[in-house]
Each structure stands twice: as C-alpha cells, then as structure tokens.
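*Asks:*
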DNA sequence: ATCGTAGGCCAACACTTGTTGGCCAACACT
DNA sequence: AGTGTTGGCCAACAAGTGTTGGCCTACGAT
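Listed below in structure tokens is the structure:
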C-alpha cells in the first residue's frame with residue numbers, strides 16, 4: 001500500500017550503552033504531529049482534519065507526516081491508540097461498580113481528547129467503527145465479565161453499558177447539548193451510577 | 001451564496017383548478033434525489049457522501065442536485081428534515097412513559113434512515129451538531145416538560161433521556177457493536193424502559 | 001402548428017486533498 | 001577532515017470535489 005521509501009525509522013535500537021536513551025531529534029517532531037493530529041481529529045473528524053492542517057499545527061511540512069506515519073490512516077491509527085485503563089472491578093464491592101465506572105469514564109474523557117477523536121471518527125463509520133468495536137471487545141468486555149453473574153449475558157450487559165456511556169459522551173462532548181454540558185459532574189455520576197449498576201449486576205429482565 | 005440561476009422551482013402553484021395536483025415531472029426526480037441522499041448520508045456521513053454518488057444512485061446528473069437544492073448543504077438540510085412525531089406523553093399513565101418512549105424511538109429509527117444520517121453527520125460536528133441541538137430543543141424538551149415533576153429539572157431529564165437513546169442508536173445502528181445489534185428489540189425495550197422512566201419521573205438525586 | 005419554458009445532460013472550471021520524489025543542511029562517527 | 005545518515009523542506013502530481021454555464025429536447029399552452 002505504501003512504499004518503503006526510507007522506511008519508517010522505527011525504534012532506533014539504543015545501542016550498546018544502557019544510557020538514558022538519547023531520544024532522536026525526530027521523536028519530538030513525531031510527538032508534535034501526534035498531538036496536533038489528536039486535536040484536529042477530535043475537533044474536526046477524520047475527513048475535515050487535513051494532513052496539511054495538522055502539519056501546520058505541528059509547524060512542520062506535510063510530507064513529514066507521510067514519512068513518519070505512511071498515510072493518513074496510519075497517522076490516525078497511531079493517534080488514537082486508546083487504553084481505557086479500566087480498573088479491576090472484581091476487586092471492588094459489587095455495589096460500587098456502577099459508581100466506579102462512571103467516574104473513571106468521565107475523568108478519562110475530560111483529560112484526554114483521544115476519546116473524543118475516536119468517537120467522532122467511529123461515528124463516521126468504516127475503519128473508525130471497527131476500531132471502536134475493537135476497544136469494546138478487548139477492553140470493556142473483559143471487565144464486564146468480572147462482575148456479571150451469568151457469563152452468557154456478559155455481551156449484552158457490556159453493550160448496554162457502552163450505550164449509556166457513549167451516549168453521555170456523545171451528547172456532552174460531541175453534540176454539546178447545552179443541558180448535558182451544564183450538568184455538574186457529580187450530578188451526572190449520581191444519575192448514571194444506578195443505571196450502570198443495574199445493567200451490570202441486576203438479574204436479567 | 002448560491003445564485004438564483006433559474007431559481008428553485010418551488011411549489012408550482014396548482015393553478016386555478018382544485019384538481020389532484022398534476023405534480024410536475026421534476027417532483028419525482030427531486031424525491032429520488034432526496035431518497036438517495038438520505039441513504040448515502042446515512043451510510044457514509046456528510047463528507048464521504050459525494051454529490052456525484054448521490055446523483056448516480058438517483059440516475060440523474062450531478063448538476064440537477066445543484067439546480068434543485070442549491071448546494072450540498074442545502075441538499076443535506078432538505079434530506080434530514082426530522083420530525084420525531086413524539087406521542088403525547090401527558091395523555092399516558094405516568095408509569096408507562098418510559099416504555100412508550102423506547103418503543104417509539106426504536107420503531108422510528110428502524111423505519112427511517114434519516115435519523116442515522118442525522119446522527120452520523122451530527123457527530124461530525126459543525127452544522128450537523130447544531131441541527132441536532134435543534135431537534136433536541138424543539139421536539140424532545142417539550143415532551144419532557146409534560147411528564148417532569150419539577151419544571152426546573154426538565155432540561156437535565158431530557159438530556160439524560162437523549163444520552164441513553166442516542167447511545168443505543170449509536171452502538172446499534174452506527175458503530176454496530178455486535179451484541180447491540182444482536183439484541184432483540186423486546187429485550188432492549190425491557191432494559192431501557194426502566195432507565196428512561198427513572199430519568200423522567202423519579203425524584204432528583 | 002408554434003413557441004416559451006421546464007427538465008435534463010455535458011463539459012468544464014477552480015480548488016483541495018493525499019501523496020511522492022528530489023534536494024539540501026546539520027549531525028555523528030571514524 | 002570526510003562521509004554516510006538523519007531530519008526537513010519544496011514543488012509537483014493525480015485524483016476527486018463542489019460548482020457552474022451552456023446547450024439540447026420534449027412538453028403544455030396558445
């Protein structure tokens with residue numbers, strides 16, 4: 001798909017010395033590109049976030065983006081490497097899992113614009129949606145498995161949780177419905193925690 | 001922004017006769033364009049849905065789209081004229097509003113791809129998000145006002161309802177998380193109805 | 001039958017996009 | 001000092017986009 005050209009430099013094998021990693025000068029540029037890309041993807045979505053705009057934000061030439069990340073899709077893939085860092089719900093009192101999940105998610109969304117970017121692009125469909133499915137499958141499902149009574153119902157429970165949480169993120173951080181934005185975080189938690197608690201631990205309907 | 005050219009034909013003034021409306025031949029074309037546009041917008045989102053593709057689906061020339069709708073934005077505005085047709089919740093037993101809302105929404109969503117299109121484009125931000133805010137404000141808020149105890153809390157309640165419903169739509173119809181897709185409609189209703197019921201009618205936290 | 005007009009297509013324009021290959025400066029290492 | 005490599009920019013390409021204006025054809029009223 002993309003020619004090697006000079007090839008992606010990759011990790012430069014820190015050599016013989018166990019020294020504190022010299023960190024090639026290019027690493028700074030790469031990080032700048034990634035940061036700018038996250039911002040643009042989150043603000044504009046995949047299509048409207050042009051490589052040229054990202055490059056200008058990072059104060060480098062558009063061709064550098066190609067050199068380091070191969071293509072726009074490659075850049076996106078590198079920019080939204082999401083790790084939800086979900087806590088171990090198994091180690092919590094079962095009555096608190098709902099509360100813990102909501103607070104964790106809200107904190108995550110507000111500190112990291114990666115999730116907004118991912119949601120925006122995921123909603124656009126195609127590869128973005130697949131990536132989102134991956135996050136759901138690899139990160140949310142296993143956690144749900146730890147608190148769900150019936151293993152067979154785990155996927156359904158997790159999907160319900162995802163629907164509620166993503167819905168909040170959508171209305172609050174993407175669509176910005178005024179009441180959803182104005183809502184204080186603590187009130188939001190108070191409303192959502194019981195819902196998630198029920199979706200996760202209540203007996204099926 | 002767009003020149004009049006021949007001007008949008010508009011409604012052709014059915015003339016003197018009160019006859020069954022001759023329906024200019026162009027009306028069929030316009031409807032075909034609109035149908036194709038809804039499909040494409042729903043499937044591909046705003047940017048990826050090109051005028052050329054829509055025109056090809058409708059078996060007409062791309063320039064016709066411009067003639068009838070002025071611009072791509074104009075076409076989109078005409079394509080997603082959403083009317084949720086929300087039932088009068090005031091006329092229902094208060095204990096059933098949650099159930100009524102979910103069933104109505106799911107039916108709406110599955111019959112009409114307009115909502116998927118609107119959600120996809122809304123999530124992309126910009127004008128799409130504003131239009132979604134409009135639907136929320138003009139159609140969901142008034143209905144919530146009919147069942148909410150405290151008028152001051154109406155916006156919050158409505159936002160919570162929107163978050164839950166849009167979250168389901170997102171995971172089920174846009175992201176297509178497998179468990180969310182596989183879930184039977186009746187089961188989904190059984191899970192969601194109590195949640196909405198609580199968001200709308202329960203005393204605040 | 002005639003003529004204005006609406007419905008439609010064609011070809012092109014202006015622009016933006018992702019992407020490429022070549023060239024140059026600074027650095028590291030011997 | 002010399003030399004190969006890395007980091008970077010410039011200019012350009014090919015493709016695809018929304019959009020425009022002109023031209024042709026068939027219909028409807030006169």
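Protein chains in written order, with full-length UniProt numbering: chain A, 1 to 205; chain B, 1 to 205. No residue lacks a Cβ here, since even glycine has one placed at the ideal position from N, Cα and C. Just so you know, these numbers come straight off a predicted model, no measurement behind them.
In whole angstroms, give me the CA-to-CA distance for residue 98 of chain A and residue 42 of chain B.
*Replies:* Your numbering for residue 98 of chain A matches position 98 in the first chain. Your numbering for residue 42 of chain B matches position 42 in the second chain. Approximately 33 Å, taken between the alpha carbons.
*Asks:* Taking only three categories from DSSP, how would you classify residue 61 of chain B?
*Replies:* For the purposes of this step, residue 61 of chain B is identified with residue 61 of the second chain, where counting begins at 1. The answer is coil: DSSP assigns residue 61 of chain B none of H, G, I, E or B.
*Asks:* Near residue 208 of chain A, which residues of its chain fall below 7 Å by C-beta distance, leaving aside the five closest residues on each side in sequence?
*Replies:* Because chain A here runs from 1 to 205, residue 208 of chain A falls outside it and cannot be looked at.
*Asks:* Considering residue 105 of chain B, what are the terminal residues of the alpha helix (DSSP H) in which it resides?
*Replies:* Taking the first residue of the second chain as 1, we reach residue 105 of chain B at position 105. Element bounds for residue 105 of chain B: 97–111.
*Asks:* Using only the alpha-carbon positions, how far apart do residue 190 of chain A and residue 33 of chain A sit?
*Replies:* Locating residue 190 of chain A in the first chain gives position 190, counting from the first residue. Locating residue 33 of chain A in the first chain gives position 33, counting from the first residue. If I take the Cα positions, the gap works out to 38 Å.
*Asks:* With a threshold of 8 Å, are at least 3 pairs of Cβ atoms found where one atom belongs to the stretch 123–133 of chain B and the other to the stretch 139–152 of chain A?
*Replies:* With a cut-off of 8 Å, the stretch 139–152 of chain A and the stretch 123–133 of chain B do not count as touching, because too few Cβ pairs lie within range.
*Asks:* Taking residue 201 of chain B as the reference, which of B/90, B/36, B/45 has the closest Cα?
*Replies:* For the purposes of this step, residue 201 of chain B is identified with residue 201 of the second chain, where counting begins at 1. Ranking B/90, B/36, B/45 by Cα distance to residue 201 of chain B puts B/90 first.
*Asks:* Output needed for residue 207 of chain B: all residues of its chain with C-beta closer than 7 Å, excluding positions within five of it in sequence on either side, in chain order.
*Replies:* Residue 207 of chain B falls outside the range modelled here, since chain B spans only 1 to 205, and no answer is possible.
*Asks:* What does a CB cutoff of less than 6 Å around residue 192 of chain A pick up in its chain, not counting 5 residues either side in sequence?
*Replies:* Within the first chain, numbered from 1, the residue matching residue 192 of chain A stands at position 192. If we look at residue 192 of chain A and ignore the five residues flanking it on each side, its Cβ neighbours are 102.
*Asks:* Residues in the same chain with beta-carbon distance under 6 Å from residue 160 of chain A, minus the five sequence neighbours each way, listed in chain order, please.
*Replies:* Position 160 of the first chain, counting from 1, holds the residue named residue 160 of chain A. Within the same chain, residue 160 of chain A has close Cβ partners 199.
*Asks:* Taking residue 194 of chain B as part of the alpha helix (DSSP H), name the residues at either end of that continuous run.
*Replies:* Against the second chain, residue 194 of chain B aligns to sequence position 194. Taken as a continuous stretch (DSSP letters only), the alpha helix (DSSP H) holding residue 194 of chain B covers 185–201.
*Asks:* By the three-class DSSP mapping on this structure, what secondary structure does residue 12 of chain A have?
*Replies:* On the first chain, position 12 is the one that residue 12 of chain A refers to. Confidence in residue 12 of chain A is poor, its pLDDT being 38 and thus under 50, which makes the residue's placement unreliable; the coordinate value appears in the next sentence. Three-state DSSP puts residue 12 of chain A in coil, outside helix and strand.
*Asks:* If we cut at 8 Å on Cβ distances, does residue 179 of chain A have a partner in chain B?
*Replies:* Position 179 of the first chain, counting from 1, holds the residue named residue 179 of chain A. Answer yes: the Cβ-Cβ gap between residue 179 of chain A and chain B drops below 8 Å somewhere.
*Asks:* Is it the case that the stretch 149–159 of chain B contacts the stretch 166–185 of chain A, given that we only count it when at least three CB pairs across the two stretches are under 8 Å?
*Replies:* Judged by Cβ distances under 8 Å, the stretch 166–185 of chain A makes contact with the stretch 149–159 of chain B, as three or more pairs qualify.
*Asks:* What are the boundary residues of the alpha helix (DSSP H) that includes residue 37 of chain A?
*Replies:* Walking along the first chain from the start, residue 37 of chain A turns up at place 37. Counting along the chain, the alpha helix (DSSP H) containing residue 37 of chain A begins and ends at 25–48.
*Asks:* Any idea what DSSP makes of residue 85 of chain B, helix, strand or coil?
*Replies:* The residue you call residue 85 of chain B lines up with position 85 of the second chain. Reduced to three states, the DSSP call for residue 85 of chain B is coil.
*Asks:* If contact means a Cβ-Cβ distance below 9 Å, which residues of the UniProt domain "HTH tetR-type" (27–87) of chain B contact chain A?
*Replies:* Hits within the stretch, in order: 43, 44, 45, 46, 47, 48.
*Asks:* Write down the C-beta distance between residue 108 of chain B and residue 84 of chain B rounded to the nearest angstrom, noting that I regard them as a contact closer than 8 Å.
*Replies:* Position 108 of the second chain, counting from 1, holds the residue named residue 108 of chain B. Position 84 of the second chain, counting from 1, holds the residue named residue 84 of chain B. Right, their Cβ atoms sit about 7 Å apart.
*Asks:* Hey, residue 139 of chain A and residue 86 of chain A: beta-carbon distance below 8 Å or not?
*Replies:* Translated into positions along the first chain, residue 139 of chain A becomes position 139. Translated into positions along the first chain, residue 86 of chain A becomes position 86. Yes. Within cutoff.
*Asks:* Anyone know if the C-beta pair for residue 29 of chain B and residue 66 of chain B falls short of 8 Å?
*Replies:* Locating residue 29 of chain B in the second chain gives position 29, counting from the first residue. Locating residue 66 of chain B in the second chain gives position 66, counting from the first residue. Not closer than 8 Å, so no.
*Asks:* Residue 82 of chain B and residue 120 of chain B - do their beta-carbons sit closer together than 8 Å?
*Replies:* Residue numbering aside, residue 120 of chain B sits at position 120 when the second chain is read from its first letter. Residue numbering aside, residue 82 of chain B sits at position 82 when the second chain is read from its first letter. Not in contact: residue 120 of chain B and residue 82 of chain B (Cβ atoms no closer than 8 Å).
*Asks:* If contacts are defined as beta-carbon pairs under 8 Å, then residue 27 of chain B and residue 58 of chain B qualify, I think. What distance do you get, rounded to the angstrom?
*Replies:* Mapped onto the second chain, residue 27 of chain B falls at position 27. Mapped onto the second chain, residue 58 of chain B falls at position 58. Between residue 58 of chain B and residue 27 of chain B the Cβ distance is about 13 Å, and since that is not below 8 Å, they are no contact.
*Asks:* Restricting to Cα atoms, I'd like to know which of B/203, B/79, B/112, B/150 is closest to residue 131 of chain B.
*Replies:* Numbered from its first residue, the second chain carries residue 131 of chain B at position 131. Nearest of B/203, B/79, B/112, B/150 to residue 131 of chain B, Cα basis: B/79.
*Asks:* Using a Cβ-based criterion (distance less than 7 Å to any ligand heavy atom), does residue 51 of chain A qualify as near the ligand NAD?
*Replies:* This structure lacks the ligand NAD, and indeed carries no ligand of any kind.
*Asks:* Can you say whether residue 45 of chain A is buried or exposed, counting buried as having 16 or more other CB atoms within 10 angstroms of its CB?
*Replies:* Against the first chain, residue 45 of chain A aligns to sequence position 45. Buried.
*Asks:* Below 7 Å CB to CB, which residues in the same chain sit around residue 18 of chain A once its five sequence neighbours on both sides are set aside?
*Replies:* Locating residue 18 of chain A in the first chain gives position 18, where the first residue counts as 1. Any reading at residue 18 of chain A must be qualified, since the residue scores a pLDDT of 35, below 50, and its modelled position is unreliable; no value is offered.
*Asks:* Leaving out the 5 sequence neighbours to the left and right, which residues in its chain are closer than 8 Å to residue 116 of chain A when beta-carbon positions are compared?
*Replies:* Position 116 of the first chain, counted from the first residue, corresponds to residue 116 of chain A. 42, 109, 169, 173, 174, listed in sequence order.
*Asks:* Within the 8 Å Cβ cut-off, does residue 167 of chain A reach chain B?
*Replies:* Counting from one through the first chain, the residue named residue 167 of chain A turns up at place 167. Chain B contact via Cβ: present.
*Asks:* Measuring only the C-alpha atoms, how far is residue 164 of chain B from residue 69 of chain B?
*Replies:* The residue given as residue 164 of chain B occupies position 164 in the second chain. The residue given as residue 69 of chain B occupies position 69 in the second chain. When rounded, the distance between both Cα atoms is 34 Å.
*Asks:* Exposed or buried, what is residue 93 of chain A when buried is set at 16 or more other beta-carbons lying within 10 Å of its beta-carbon?
*Replies:* Numbered from its first residue, the first chain carries residue 93 of chain A at position 93. Result: exposed.
*Asks:* For residue 151 of chain A versus residue 141 of chain A, is the C-beta spacing smaller than 8 Å?
*Replies:* One-based indexing of the first chain puts residue 151 of chain A at position 151. One-based indexing of the first chain puts residue 141 of chain A at position 141. It is not a contact, given that the beta carbons lie outside the stated cut-off.
*Asks:* For residue 164 of chain A, which residues in chain B fall below 9 Å Cβ to Cβ?
*Replies:* As a first step, residue 164 of chain A is located in the first chain; it is residue number 164 there, counting from the start. Per Cβ cutoff of 9 Å: 163, 164, 167, 168, 195.
*Asks:* Note down the Cα distance separating residue 72 of chain A from residue 204 of chain B, rounded to an integer number of angstroms.
*Replies:* Here residue 72 of chain A is taken as the residue at index 72 of the first chain, counted from 1. Here residue 204 of chain B is taken as the residue at index 204 of the second chain, counted from 1. Each residue's alpha carbon lies about 47 Å from the other.
*Asks:* Could you tell me the distance, in whole angstroms, from the CA atom of residue 95 of chain B to the CA atom of residue 106 of chain B?
*Replies:* What you label residue 95 of chain B is simply residue 95 of the second chain in a count that begins at 1. What you label residue 106 of chain B is simply residue 106 of the second chain in a count that begins at 1. Between residue 95 of chain B and residue 106 of chain B, the C-alpha separation is close to 19 Å.
*Asks:* Taking the beta carbon of residue 25 of chain A as the centre, do at least 16 other beta carbons fall within 10 Å, making it buried, or is it exposed?
*Replies:* Working through the first chain from its first residue, we reach residue 25 of chain A at position 25. With fewer than 16 Cβ atoms within 10 Å of its Cβ, residue 25 of chain A is classed as exposed.
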